[in-house]
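**Q**
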Amino acid sequence: MALKKIALEIGMGTDIRGSDYTKAAVRALRDALWHNSLTVATALGKSSDDMVVEVLIGVPQPEQVDTAQVLAVLPHGTGTVKVVEGGLEIANEAGTDKTVIAQAAAIVRLDL
């Protein structure tokens, strides 16, 4: 058998104040996951824990994201996290802080 893509979930997350890239990334993944209910695994005779999830996060400073915290968001299955350059930073008027916007994609696969 082979891993087959069964779903693509996308989301956006922010940290309005604090410049916390991990917080924005976690919120982006939650946004992607919490707007869906995947029942396809059970429909195919699999468990939701059989899902293999590839998480892609886009933020302006990828090295600032704690991937373990992002991965901990997954409620089922096993996963990996890859962080790439993307998203947005918006500085405040004083230049002392910024809003961070992260994008997330969760690619869900099953061994079929």
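By our numbering, the letter at position 71 of the sequence shown is numbered 385, and the numbering carries on one by one without gaps.
Every residue gets a Cβ at the ideal spot worked out from N, C-alpha and C, and that includes glycine.
(1) Fully enclosed by the stretch 339 to 366, which alpha helix (DSSP H) runs are 4 residues long or longer?
(2) Name, in chain order, the residues that DSSP records as bridge partners for residue 417.
(3) If the criterion is Cβ atoms closer than 8 Å, does the pair residue 364 and residue 424 meet it?
(4) Thinking residue 384 and residue 334 are a contact (beta carbons under 8 Å), I'd like their distance in whole angstroms, please.
(5) Quick check on the burial criterion: 16 or more other C-beta atoms within 10 angstroms. Buried or exposed for residue 336?
**A** Concretely, from the data shown:
(1) 354 to 357
(2) One-based indexing of the sequence shown puts residue 417 at position 103. DSSP lists 326 and 372 as partners of residue 417.
(3) As a first step, residue 364 must be located in the sequence shown, where it is residue number 50. As a first step, residue 424 must be located in the sequence shown, where it is residue number 110. A contact, by the Cβ cut-off of 8 Å.
(4) The residue labelled residue 384 in the question sits at position 70 within the sequence shown. The residue labelled residue 334 in the question sits at position 20 within the sequence shown. About 12 Å; that fails the 8 Å criterion.
(5) The residue labelled residue 336 in the question sits at position 22 within the sequence shown. It is buried - the Cβ of residue 336 has at least 16 other Cβ atoms within 10 Å.
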